[in-house]
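Right, one structure below, let's go through it.
Protein chains in written order, with our numbering: chain B, 287 to 597; chain V, 287 to 597.
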């Protein structure tokens with residue numbers, strides 16, 4: 287019988303799931319990964335399946351079994367609503383073979399990102415990966431958000447929005463409704479298409495799946511912008527501006543004594559043009575805001591929250 | 287054995303399918319209807335099923351059986367690509383119990399709308415219903431298009447785009463990233479929601495199905511605009527302007543001797559604010575363009591094309 291207890295922290299995004307296993311004092315001892323875990327996009331079953339795969343991989347690497355798990359915290363994209371959180375939380379004990387009574391918490395991916403980035407301090411986090419959201423904890427302990435309404439209703443400044451605007455700009459250039467751009471050629475090369483119109487049936491056959499493929503076009507937009515394509519540069523600048531608006535709207539509502547904004551996600555970490563425009567524009571909108579590096583990853587934030595649950 | 291021959295014309299849209307049965311001289315004798323028939327959105331099987339239902343209903347009303355059908359022309363939303371047209375055309379003879387050798391043609395919904403609107407004359411048609419497209423036949427017999435890339439990549443000025451922008455504006459007002467609007471309250475009332483956030487899981491559970499529900503929000507936007515909501519009025523004006531851009535881009539490429547633009551679809555026929563802005567803006571962009579009434583419906587255009595096929 288195992289007597290040592292361990293903590294499991296999960297960051298389930300729109301593209302991939304990451305799991306960390308840590309000792310009860312928060313030291314990370316193993317890691318696992320799997321596909322997307324946004325229950326609204328891939329469905330509850332597949333989300334739980336991918337979480338299970340990431341956790342099993344991490345447990346195996348740690349040398350522990352599920353009997354040793356003392357607490358689980360999962361932050362998932364698409365799990366902002368209490369009903370969604372409850373449905374996933376009900377499925378996890380069985381899927382992860384947890385001992386009866388093991389505490390399990392399911393929150394949004396933004397919540398664990400905030401916990402990791404600011405280690406529990408008040409402030410905001412701005413996330414731009416496949417999707418986007420601004421999320422924060424104010425001085426009185428309230429959690430607030432702006433954006434994060436998903437790829438149909440929101441996700442301004444996200445990888446998906448950048449990719450979709452690149453596709454729309456390529457079609458507009460073809461139609462003559464928009465300026466010329468090399469984005470069409472870049473997209474055809476990246477997706478191995480003879481003609482841009484071949485993208486149409488591919489995208490509509492499974493829109494939810496196409497979402498990650500479209501977000502995967504961000505490097506093409508960056509490359510085109512670096513080669514001098516004005517349309518591509520404009521798309522990246524607009525993303526930075528939209529993210530600044532999102533953060534500014536949240537900060538105005540939060541009224542923090544010290545308005546910290548940490549950033550995370552592939553777009554803000556990987557695309558310098560978006561990040562620099564965000565910083566420039568946010569300085570105009572909320573001069574007292576301070577953009578800071580995240581202290582730790584969303585998965586580490588999930589571990590931190592699991593640690594608090596385990597007492 | 288039946289000796290009289292009849293013609294079948296089908297207009298399959300993103301929301302509903304309409305079938306007309308006509309005599310060989312083009313006189314309409316019966317009509318049938320069913321649900322959506324966009325094969326890219328509802329899938330090939332359901333599209334064919336709905337077409338079959340509309341045709342059976344019209345045949346029954348006409349007092350003829352499928353043995354009397356002399357030619358079938360179906361214009362379908364989402365059937366702009368030759369491969370999609372070929373797949374539907376291969377499924378229809380069986381689904382409609384046609385006599386062997388009965389000519390069947392599948393084209394885009396824009397193609398039959400053009401045939402109906404201008405009765406074969408050169409010119410353009412601008413369609414804004416659930417989706418949008420500009421489509422035309424030039425003086426040398428070439429078919430050209432602008433827009434119509436579907437709800438993820440295009441559909442500027444469509445009912446879906448108007449509805450999505452209304453939802454996005456309602457969320458932006460809630461977040462503080464956009465101006466106040468009564469659209470949120472209107473959407474909650476129309477969809478029977480206690481809170482706007484309840485729209486989120488509803489939309490992402492089945493994005494393709496949500497598409498028609500979102501397009502169904504157009505009357506709420508119209509109502510809000512008429513009550514003085516500036517955000518709603520701006521969404522409708524933008525739709526009119528985007529549709530003018532689409533038509534103008536097509537007309538520039540077509541170089542017609544007489545630049546006629548017919549209009550059709552629920553948004554252009556039913557929303558005066560969109561239509562008036564289209565007319566105003568198109569007059570600025572292409573002063574020589576003339577916006578005309580459609581001579582006949584897309585389904586009647588399909589009958590016209592079936593008549594040409596039957597010789």
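Virtual Cβ for every residue (Gly too), placed ideally from N, Cα, C.
On a predicted model such as this, the values are computed, not experimentally measured, just so you know.
C-beta contact flag for residue i and residue j at 9 Å
{"i": "residue 449 of chain B", "j": "residue 486 of chain B", "result": "no"}
{"i": "residue 316 of chain B", "j": "residue 293 of chain B", "result": "no"}
{"i": "residue 391 of chain V", "j": "residue 592 of chain V", "result": "yes"}
{"i": "residue 606 of chain B", "j": "residue 443 of chain B", "result": "In this structure chain B extends from 287 to 597, so residue 606 of chain B is not present and cannot be described."}
{"i": "residue 600 of chain V", "j": "residue 563 of chain V", "result": "As displayed, chain V neither begins before 287 nor continues past 597, which places residue 600 of chain V out of reach and without an answer."}
{"i": "residue 382 of chain V", "j": "residue 328 of chain V", "result": "no"}
{"i": "residue 321 of chain B", "j": "residue 336 of chain B", "result": "yes"}
{"i": "residue 441 of chain V", "j": "residue 433 of chain V", "result": "yes"}
{"i": "residue 469 of chain V", "j": "residue 496 of chain V", "result": "no"}
{"i": "residue 422 of chain V", "j": "residue 439 of chain V", "result": "no"}
{"i": "residue 575 of chain B", "j": "residue 569 of chain B", "result": "yes"}
{"i": "residue 590 of chain B", "j": "residue 312 of chain B", "result": "yes"}
{"i": "residue 344 of chain B", "j": "residue 305 of chain B", "result": "yes"}
{"i": "residue 395 of chain V", "j": "residue 297 of chain V", "result": "yes"}
{"i": "residue 455 of chain V", "j": "residue 413 of chain V", "result": "no"}
{"i": "residue 397 of chain B", "j": "residue 429 of chain B", "result": "yes"}
{"i": "residue 565 of chain V", "j": "residue 577 of chain V", "result": "yes"}
{"i": "residue 314 of chain V", "j": "residue 323 of chain V", "result": "no"}
Residue i - DSSP class collapsed to helix/strand/coil
{"i": "residue 367 of chain B", "result": "coil"}
{"i": "residue 326 of chain B", "result": "helix"}
{"i": "residue 348 of chain V", "result": "helix"}
{"i": "residue 405 of chain V", "result": "coil"}
{"i": "residue 332 of chain B", "result": "helix"}
{"i": "residue 461 of chain B", "result": "helix"}
{"i": "residue 449 of chain B", "result": "helix"}
{"i": "residue 508 of chain V", "result": "helix"}
{"i": "residue 380 of chain B", "result": "helix"}
{"i": "residue 395 of chain B", "result": "helix"}
{"i": "residue 485 of chain V", "result": "helix"}
{"i": "residue 517 of chain V", "result": "helix"}
{"i": "residue 426 of chain V", "result": "coil"}
{"i": "residue 418 of chain V", "result": "strand"}
For residue j and residue i, believed in contact at Cβ under 8 Å, the rounded distance
{"i": "residue 548 of chain B", "j": "residue 420 of chain B", "result": "With a Cβ gap of about 11 Å, residue 548 of chain B and residue 420 of chain B do not count as contacting."}
{"i": "residue 482 of chain B", "j": "residue 457 of chain B", "result": "7 Å"}
{"i": "residue 363 of chain V", "j": "residue 319 of chain V", "result": "So it is not a contact: roughly 15 Å between Cβ atoms."}
{"i": "residue 310 of chain V", "j": "residue 358 of chain V", "result": "That belief does not hold up - the Cβ atoms of residue 310 of chain V and residue 358 of chain V are roughly 13 Å apart, past 8 Å."}
{"i": "residue 467 of chain V", "j": "residue 517 of chain V", "result": "4 Å"}
{"i": "residue 587 of chain V", "j": "residue 402 of chain V", "result": "3 Å"}
{"i": "residue 409 of chain B", "j": "residue 542 of chain B", "result": "7 Å"}
{"i": "residue 326 of chain B", "j": "residue 436 of chain B", "result": "7 Å"}
{"i": "residue 506 of chain B", "j": "residue 476 of chain B", "result": "5 Å"}
{"i": "residue 525 of chain V", "j": "residue 472 of chain V", "result": "Going by Cβ atoms, the distance from residue 525 of chain V to residue 472 of chain V rounds to 17 Å, so no, they are not a contact pair."}
Rounded C-alpha distance that separates residue i from residue j
{"i": "residue 484 of chain B", "j": "residue 361 of chain V", "result": "20 Å"}
{"i": "residue 384 of chain V", "j": "residue 417 of chain B", "result": "49 Å"}
{"i": "residue 366 of chain V", "j": "residue 489 of chain B", "result": "14 Å"}
{"i": "residue 238 of chain B", "j": "residue 551 of chain B", "result": "The shown model of chain B, from 287 to 597, leaves out residue 238 of chain B, and the question about it has no answer."}
{"i": "residue 557 of chain B", "j": "residue 523 of chain B", "result": "11 Å"}
{"i": "residue 372 of chain V", "j": "residue 493 of chain V", "result": "26 Å"}
{"i": "residue 502 of chain B", "j": "residue 462 of chain V", "result": "29 Å"}
{"i": "residue 459 of chain B", "j": "residue 465 of chain B", "result": "5 Å"}
{"i": "residue 537 of chain B", "j": "residue 515 of chain B", "result": "33 Å"}
{"i": "residue 474 of chain B", "j": "residue 478 of chain V", "result": "43 Å"}
{"i": "residue 370 of chain V", "j": "residue 540 of chain B", "result": "51 Å"}
{"i": "residue 545 of chain B", "j": "residue 295 of chain B", "result": "27 Å"}
Chain-ordered chain V contacts of residue i [CB-CB under 7 Å]
{"i": "residue 362 of chain B", "result": "Neighbours of residue 362 of chain B on chain V: none; closest Cβ ~13 Å, over 7 Å."}
{"i": "residue 494 of chain B", "result": "493"}
Beta-carbon neighbours of residue i, restricted to chain B and to distances below 8 Å
{"i": "residue 531 of chain V", "result": "463"}
{"i": "residue 539 of chain V", "result": "462"}
{"i": "residue 327 of chain V", "result": "490"}
{"i": "residue 523 of chain V", "result": "Chain B residues near residue 523 of chain V: none, gap ~17 Å exceeds 8 Å."}
Contact set between residue i and chain B, taken where Cβ atoms lie within less than 7 Å
{"i": "residue 545 of chain V", "result": "Per Cβ cutoff of 7 Å: no residues; residue 545 of chain V is ~15 Å from chain B at best."}
{"i": "residue 417 of chain V", "result": "None at all; the shortest Cβ gap to chain B is about 11 Å."}
Contact list for residue i against chain B, beta-carbon separation under 9 Å
{"i": "residue 477 of chain V", "result": "Going along chain B, no residue has its Cβ under 9 Å from residue 477 of chain V, so there is no contact; the nearest lies around 13 Å."}
{"i": "residue 450 of chain V", "result": "438 and 439"}
{"i": "residue 333 of chain V", "result": "The contacting residues do not exist; residue 333 of chain V stays about 12 Å from chain B at best."}
{"i": "residue 535 of chain V", "result": "458, 461, 462, 463 and 464"}
Heavy atom of the ligand COA within 8 Å of residue i beta-carbon
{"i": "residue 361 of chain V", "result": "Within the structure as shown, the ligand COA is missing, as the structure has no ligands at all."}
Cross-chain neighbours of residue i in chain V, by beta carbon under 8 Å
{"i": "residue 370 of chain B", "result": "487"}
{"i": "residue 502 of chain B", "result": "Chain V residues near residue 502 of chain B: none, gap ~15 Å exceeds 8 Å."}
{"i": "residue 432 of chain B", "result": "461, 462 and 463"}
Contact with chain C by residue i, beta-carbon distance below 9 Å
{"i": "residue 454 of chain B", "result": "In the displayed structure, chain C is absent; the protein chains listed are B and V."}
Within chain V, the residues that residue i reaches when beta carbons sit closer than 9 Å
{"i": "residue 367 of chain B", "result": "483, 484, 486 and 487"}
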